[in-house]
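Peer 1:
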Amino acid sequence: MSNRLNLLAPEVRANPYPYYAELRRSAPVCQVDPGGMWAVSRYDDVALVLKNAELFSSNTGRVTLLPPWIDRNPMVDSILLMDPPEHTKARAIVSRAFSTRVIPRVEPLLRATATAFVERLTPGREIDFCAELAVPIPATAIADLLGLDPALRAHFKRWTADFVAIAAATPEMREGIRATIADLERYLLEVIAARRAAPRDDLVSELLAARIDGVALTEPEIVSFLFLLLAAGFETTTHLLNTTMKILTEHPEVYARVRADPALIPALVEETLRFDPPAQIGMRQAKADVEIRGVKVPEGAFVAALISSANRDEQVFPDADRFDLDRERQVGLSFGYGPHFCLGAALARAEAKIGLEVLMSLPGRFEWAGREPEWNLGLLLRGPKECWVRYVV
Ligand code: HEM
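Residue numbering for the sequence shown is -5 to 387, as defined by the working numbering.
What follows is the structure, encoded as structure tokens:
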């Protein structure tokens, strides 16, 4: 038995922050479990690891995303796992297509989704906010980005759950996961063929049209990028919405202030992202022996940059454990830092803002229904699996 901190231990999943505080204090660069990977917990070190692609490679996912029982997973060829110079070129071209136009395009669909949620509300009845709104909002956005038939949205939760489960899949789950990858790839290739024949005003058509120095994306590159959007843009935003709801119900004074002044919604979103970020870790692999704060991290070591710990670093955020809408500096490392900074940050913020605008305009408010949340199982992302609340007027 090692006395290393296990990031997957239930008590750590339920509330990692006291453990991270201890790491920042007494072992800011150390090995943790599972697997004895290295962890950095102070803001400056997390930022350094995330931004320095010369020393820390992002190509870490092959072990977890392509175990021997899976013969294909387009996600492993996505920009998230690339290093420069390939990453620089590929990111430039997808960024061109994934422009600011994405948001105005999905906005009306998101408002319609939030309005449908409001129409289903019954005062006094317990509902799972996660299933009712925190999943439908990003599912609507991603389905639209991927160009998928709205009827397929029902499959999204299973698809993303299968993706997230690859690393920890039991033998019984394997067949289902292989089928999910094959189904999704088939759907996406159909969409790409349809848009090639008849372009529309949508992301897939723009990805097909995008050129840098006359070079276009190949079909497998587009499929990998769309796989990444599903993996990176769905569960993250669900966690953000759930966590915001949890914080509002735990801090009635914050809830009351934002209801009275919806102009505070962006501050609420930023502080929630800082306080309890959906992406807890950025994973890297040391390309050479590296010394951080006098500790040698050996070449080849996996390094967990603890984003959620950096966001609570007292050196950067005074009184960091306090949820504070009026914080002078709110932006932490929740969307990463450096070359891999989240491409969907503006979209995620817009999704949260639209959902919250609808909630704040309601005549009533939500109360926590008293059930302790169960936390999801992934290592990199953290959020409650369900979010039971009661609407009271
Ligand atoms: C609250 C919601 C979200 C959070 C907290 C989040 C967080 C992150 C983080 C931390 C990274 C960097 C990972 C690393 O450096 O290893 C990242 C990358 C990325 N995110 Fe997000 N994300 C969110 C929503 C979205 C959405 C909605 C999309 C798109 C639909 C998206 C697309 C991406 C992409 C494409 C990358 C890879 C960028 C690259 O490798 O160059 N994300 N995200």
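Cβ coordinates follow ideal geometry from the N, Cα and C atoms, glycine included. Here the structure is a predicted model, which means the values were calculated and not measured.
Identify every run of the beta strand (DSSP E) within the stretch 307 to 365, keeping only runs that are complete inside it and at least 3 residues long; order them along the chain.
Peer 2: 359 to 362
Peer 1: Which of the three DSSP states, helix, strand or coil, is assigned to Phe296?
Peer 2: strand
Peer 1: Take the Cβ of Arg268 as the centre, count every other Cβ of all protein chains shown within 10 Å, and call the residue buried at 16 or more, exposed below.
Peer 2: buried
Peer 1: For Arg404, which residues in the same chain have their Cβ closer than 7 Å to its Cβ, ignoring the five residues on either side in sequence?
Peer 2: Only positions -5 to 387 of the chain appear in the structure, and residue 404 is not among them; the question remains open.
Peer 1: The beta strand (DSSP E) spanning Ile64 covers which residue range?
Peer 2: That residue, Ile64, is in no beta strand (DSSP E); it is neither H nor E in DSSP.
Peer 1: Taking its Cβ as the centre, do 16 or more other Cβ atoms sit within 10 Å of Asp315, making it buried, or is it exposed?
Peer 2: Answer is exposed; the Cβ neighbour count stays below 16.
Peer 1: Looking at Leu356 and Tyr385, is the spacing between their C-beta atoms short of 9 Å?
Peer 2: Yes, they are a contact pair.
Peer 1: May I have a chain-ordered list of the alpha helix (DSSP H) segments no shorter than 4 residues that lie completely inside the stretch 123 to 178?
Peer 2: Secondary structure in the stretch 123 to 178: the alpha helix (DSSP H) runs of 4 residues or longer, each lying completely within the stretch, are 130 to 140 and 150 to 159 in chain order.
Peer 1: Put Pro4 into one of helix, strand or coil per three-state DSSP.
Peer 2: helix
Peer 1: With a CB to CB cut of under 7 Å and the five nearest residues on each side skipped, what residues in its chain are close to Val310?
Peer 2: Sequence-distant partners of Val310 (beyond 5 residues in either direction) whose C-beta falls short of 7 Å from its own C-beta, in its chain, are Tyr37.
Peer 1: Looking only at its chain, what residues have a beta carbon closer than 6 Å to the beta carbon of Val88, apart from the 5 residues adjacent to it on each side?
Peer 2: Phe219
Peer 1: Please list the terminal residues of the continuous beta strand (DSSP E) segment that includes Met239.
Peer 2: Here Met239 belongs to no beta strand (DSSP E); instead the alpha helix (DSSP H) covers Glu229 to Glu244.
Peer 1: When the Cα atoms are used, what is the spatial distance from Leu197 to Arg190?
Peer 2: Spanning the two alpha carbons is a distance of roughly 12 Å.
Peer 1: Any heavy atom of the ligand HEM inside 8 Å of the beta-carbon of Leu350?
Peer 2: no
Peer 1: At which residues does the beta strand (DSSP E) containing Glu285 begin and terminate?
Peer 2: Val284 to Ile286
Peer 1: Just to confirm, does Gly227 get its C-beta within under 8 Å of one of the non-hydrogen atoms of the ligand HEM?
Peer 2: yes
Peer 1: Can you find a CB in chain D that lies within less than 9 Å of the CB of Ala15?
Peer 2: The structure shown contains no chain D, having only a single protein chain.
Peer 1: Does the stretch 103 to 117 come within contact of the stretch 174 to 181, defined as at least 3 CB pairs closer than 8 Å?
Peer 2: no
Peer 1: Evaluate Thr164 with the Cβ neighbour count: other Cβ atoms within 10 Å of its Cβ, from every protein chain shown; 16 or more gives buried, anything less gives exposed.
Peer 2: exposed
Peer 1: Report the option in Lys347, Cys381 and Arg194 whose CA atom is closest to the CA atom of Val360.
Peer 2: Before going further, note that residue 360 is Phe rather than Val in the sequence given. Comparing Cα positions, the closest option is Cys381.
Peer 1: Please identify the residue among Lys347, Pro4, Asp138 and Leu373 whose C-alpha is closest to the C-alpha of Arg194.
Peer 2: Asp138
Peer 1: Would you report the Cα separation of Leu341 and Ile97, rounded to the nearest angstrom?
Peer 2: Cα-Cα distance, rounded: 6 Å.
Peer 1: Per DSSP, what kind of secondary structure is Ala192 in: helix, strand or coil?
Peer 2: Ala192: coil per DSSP, three-state reduction.
Peer 1: Can you tell me where the beta strand (DSSP E) holding Val26 begins and where it ends?
Peer 2: Val23 to Val26
Peer 1: Name, in chain order, the residues that DSSP records as bridge partners for Val34.
Peer 2: Val23 and Ala299
Peer 1: Under 8 Å: does the beta carbon of Ala137 sit that close to some heavy atom of the ligand HEM?
Peer 2: no
Peer 1: Do you know how far the Cα of Thr237 is from the Cα of Lys45?
Peer 2: 27 Å
Peer 1: Quick test of the definition: if touching needs 3 or more C-beta pairs under 8 Å, does the stretch 367 to 382 touch the stretch 223 to 233?
Peer 2: yes
Peer 1: CB-CB under 7 Å to Ala8, same chain, minus the five flanking residues each way: which ones, in chain order?
Peer 2: Trp369
Peer 1: Give me, in chain order, the residues of the same chain whose beta-carbon lies closer than 6 Å to that of Ala261; leave out the 5 immediate sequence neighbours on both sides.
Peer 2: Excluding positions up to five away in sequence, the list reads Leu319.
Peer 1: With a threshold of 16 other CB atoms inside 10 Å of the CB of Phe335, please say whether the residue is buried or exposed.
Peer 2: That one is exposed.
Peer 1: Could you give the DSSP three-state label for Leu374: helix, strand or coil?
Peer 2: coil
Peer 1: Residues in the same chain with beta-carbon distance under 7 Å from Ala106, minus the five sequence neighbours each way, listed in chain order, please.
Peer 2: none
Peer 1: DSSP three-state label for Lys45, please.
Peer 2: Correct three-state label for Lys45: helix.
Peer 1: State the start and end residues of the unbroken beta strand (DSSP E) segment that holds Arg114.
Peer 2: Looking at the DSSP string, Arg114 is not in any beta strand (DSSP E); the run it does join, the alpha helix (DSSP H), is Val96 to Arg114.
Peer 1: Just to confirm my understanding: we take Phe123, look at its own chain, exclude 5 residues before and 5 after, and list those with CB closer than 6 Å. What are they?
Peer 2: Met239, Cys381 and Val383
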